[in-house]
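Residue 71 in numbering that gives the first Met the number 0 sits at position 72 of the sequence shown, and the numbers go up by one each step.
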Amino acid sequence: MATRSWFELKEIAPGLWSLSEPDHLEEVISYLVLGRDRAALIDTGMGIGDLPAAVNRLTRLPIIVVNTNADYHHCGANHHYREIAAHQAEAPRVERGWAKEEVADTLLPHKIWGPLPAGFDPLKYAVLPSRVTRLLDEGDLMELGGRRLRILHTPGHATGALCLQDENSGTLFTGDTLAPATISAWGDGSDPEQLLASLERLARDAGQVARVCPGHHLTPLGPDFLAEAAAAVARVRSGATRVEPAREGVVRHRFRRFSLLLPGHIDPPPPPPAPEPSPPPRKGAAKKQSPGKGRKRPARQASGR
């Protein structure tokens, strides 16, 4: 009996495919954009399934990989490809890869929702090093032959986070910058103010976007997702969001289709006021007695006789 592939392939628009990994908690999505001369593979997933085999089912064109950031689940199969592009700030992490110890909790039972691919050894799982051959930055163009991708530098989640705009189809690939997921901007390499600015910037270009293709969970989404992001940023800036603690020094701002993890602190509620103490008894004051009992007789007055 044939086993189900680790990847789920879906044609989103002519010459544009999503390759999702629905059997893992991350539900990572890579994308294949086909030109006349070559194809761009936007991210390479977790490195669990046989990504080259899945790609070869769709095209035999030369492949250039574009990493939207250096997180392990975006560059897991990079080592299979010779041409790899990334932002300068992400390139060292991409090239170093991720050791077994760094990704050990990726395969915990509660994160795996289906059978692992045949031949995959969880004990050997790691993201192997790869070599970045092209550095990308804001405004760069990637020509595929009859199709062109425009590079957007959208820092915040990561210093070198990239989004890509397919000018032919109006498709915006947003990686981890905007996804129907928890978007974090705290810790090393993250900048919360830059993330908010990047989300505002993407929303300003919504008129040129026909669909949004994020790096996790659901794809494609409509351009209204960008408006939702802009409204969320406005609420964060105005202090109108209701936040909840996520971890020490980090709070979650929850919205309809995504949430933001940003540095912050929630003061604990003040303790209830202590009851007022009873006043101490006055010195010499008589104890309250039952009527008629223990009452002192009034002193007999002198008669003057």
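Even for Gly, the Cβ is constructed at its ideal location relative to N, Cα and C.
### Query
Where do the ends of the beta strand (DSSP E) carrying Leu236 lie?
Leu is not the amino acid found at residue 236; the sequence shown has Arg there. Not the beta strand (DSSP E): Arg236 falls in the alpha helix (DSSP H), residues 223-237.
### Query
Distance, Cα to Cα, Gln105 vs Ala273?
Residue identity check: residue 105 is Thr in the sequence provided, not Gln. Looking at the two C-alpha atoms, the distance is approximately 49 angstroms.
### Task
Spatial neighbours of Gly169 within its chain, please: CB distance less than 8 angstroms, with the 5 preceding and 5 following residues excluded, ordered by chain position.
Gln207, Val208, Ala209, Arg210
### Query
So, helix, strand or coil for His215, using DSSP?
strand
### Query
How about Ala39 and Leu31: are their beta carbons less than 9 angstroms apart?
yes
### Beta-carbon proximity of Thr132 to Glu82, cut-off 9 angstroms
yes
#### Entry: Range covered by the alpha helix (DSSP H) that runs through Leu193
According to the sequence displayed, residue 193 carries Gln and not Leu. 191-203 is the span of the alpha helix (DSSP H), which, as asked, contains Gln193.
#### Entry: Within 9 angstroms, strictly: CB atoms of Ala239 and Ala157
no
### Query
Roughly how far, in whole angstroms, is the beta-carbon of Val232 from the beta-carbon of Leu177, given that I think they are within contact range, below 8 angstroms?
In fact, because the Cβ distance is near 11 angstroms, the residues do not count as touching under 8 angstroms.
### Task
Could you name the residues of the same chain whose beta carbon sits closer than 8 angstroms to that of Pro128, not counting the 5 residues immediately before and after it, in chain order?
His78, Glu94, Arg95, Gly96
### Message
Can you list, in chain order, the residues of its chain with a C-beta nearer than 6 angstroms to that of Leu225? Leave out the 5 residues immediately preceding and following it.
### Response
Leu201, Ala202, Ala205
### Query
With a CB to CB cut of under 6 angstroms and the five nearest residues on each side skipped, what residues in its chain are close to Leu24?
Lys110
### Query
Ala90: buried (16+ other C-beta within 10 angstroms of its C-beta) or exposed?
buried
### Query
Nearest-angstrom Cα distance between Ser17 and Thr218?
8 angstroms
### Query
What are the residues that DSSP puts in a beta bridge with Tyr80?
Bridge partners of Tyr80: none, in fact.
### Task
Indicate the three-state DSSP secondary structure (helix, strand or coil) for Ala39 in the structure shown.
strand
### Message
So Val64 and His215 are supposed to be a Cβ contact under 8 angstroms. How far apart are they, rounded?
### Response
Between His215 and Val64 the Cβ distance is about 18 angstroms, and since that is not below 8 angstroms, they are no contact.
### Query
Glu310: buried (16+ other C-beta within 10 angstroms of its C-beta) or exposed?
Here the chain comprises residues numbered 0 to 304, so residue 310 is not present and cannot be evaluated.
### 9 angstroms Cβ cutoff met for Gly174 and Asp42
yes
### Message
How far does the beta strand (DSSP E) with Arg147 in it extend, from its first residue to its last?
### Response
147-152
### Query
Where DSSP assigns a beta bridge to Thr170, which residues make up the other side?
Asp165, Arg210
### Task
Classify Leu122 as helix, strand or coil using the three-state DSSP reduction.
helix
### Residues near Gln193 in its chain [Cβ-Cβ closer than 8 angstroms; skip 5 each side]
Pro154, Gly155, Ala184
### Task
Go to Arg253, then tell me how far its beta strand (DSSP E) extends in each direction, as first and last residue.
249-253
### Query
Name the DSSP beta bridge partners of Trp97, please?
Val126
### Proximity of Thr181 and Leu261 at Cβ, strictly below 9 angstroms
no
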